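Right, one structure below, let's go through it.
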Amino acid sequence: MNESLPIWDIHGEITDTLAVHDRLVLTAPTGSGKSTQAPQIILDDVLCDGGKVVVLQPRRVAARSLARRVAWERSAKLGGEVGYQVRFENHTGPETKIEFITEGVLLRRLQDDPQLAGVSAVLFDEFHERNLMSDLALGLV
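This is the structure we're talking about:
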């Protein structure tokens, strides 16, 4: 984790809100750590049930690069505790706890498993880049 990023200034607010509510809208400037730190905060400080954090990314390149970055920050092997899945690529495993995926991957999962068994949190990153796929995913989750 990179506790020097601005998101750590509101770490307590994030964890306190999620302890009481099951939804949170997080708005912060670019570079504040939303994409890399929020999933780690939620996994480490909020989740108690052993489920995974799924981070929805609108672009494949972002899913790949963010997974690599978070794996590096956690000194983890990509595909181990931290992984990603995009069309035709799956770098996850049974021990994956933070998973970066694209909208199409999430929609296919929802078709197979509407309850998203084993998933404790879904983060919609870059949601301001709205499109039909992300809107549909939000409605189904």
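Just so we're aligned: 5 in the UniProt record's numbering is position 5 of the sequence shown, and the numbers increase by one with no gaps anywhere.
By construction, the Cβ of each residue, glycine as well, lies at the ideal position given by its N, Cα and C atoms.
The model shown is predicted, which means the values in this text are computed figures rather than measured ones.
Looking at the structure shown, is residue i part of a helix, part of a strand, or coil, going by DSSP?
| i | result |
| --- | --- |
| residue 25 | coil |
| residue 20 | helix |
| residue 167 | The structure shown does not extend to residue 167, since the chain is modelled only from 1 to 141, so the question has no answer here. |
| residue 43 | helix |
| residue 83 | strand |
Counting along the chain, where does the alpha helix (DSSP H) carrying residue i start and finish?
| i | result |
| --- | --- |
| residue 65 | 60-73 |
Since I believe residue j is in contact with residue i (beta carbons under 8 Å), could you give me their beta-carbon distance rounded to a whole number of angstroms?
| i | j | result |
| --- | --- | --- |
| residue 41 | residue 11 | 6 Å |
| residue 81 | residue 96 | 7 Å |
Decide if the segment 111-120 is in contact with the segment 43-58; the criterion is three or more beta carbon pairs, one per stretch, under 8 Å apart. yes
Which runs of the beta strand (DSSP E), 3 residues or longer, sit entirely within the segment 85-132? 89-91, 98-102, 119-124
At least three beta-carbon pairs within less than 8 Å, the segment 16-33 to the segment 71-91: no
Taking contact to mean at least 3 C-beta pairs separated by less than 8 Å, is the segment 9-17 in contact with the segment 95-115? no
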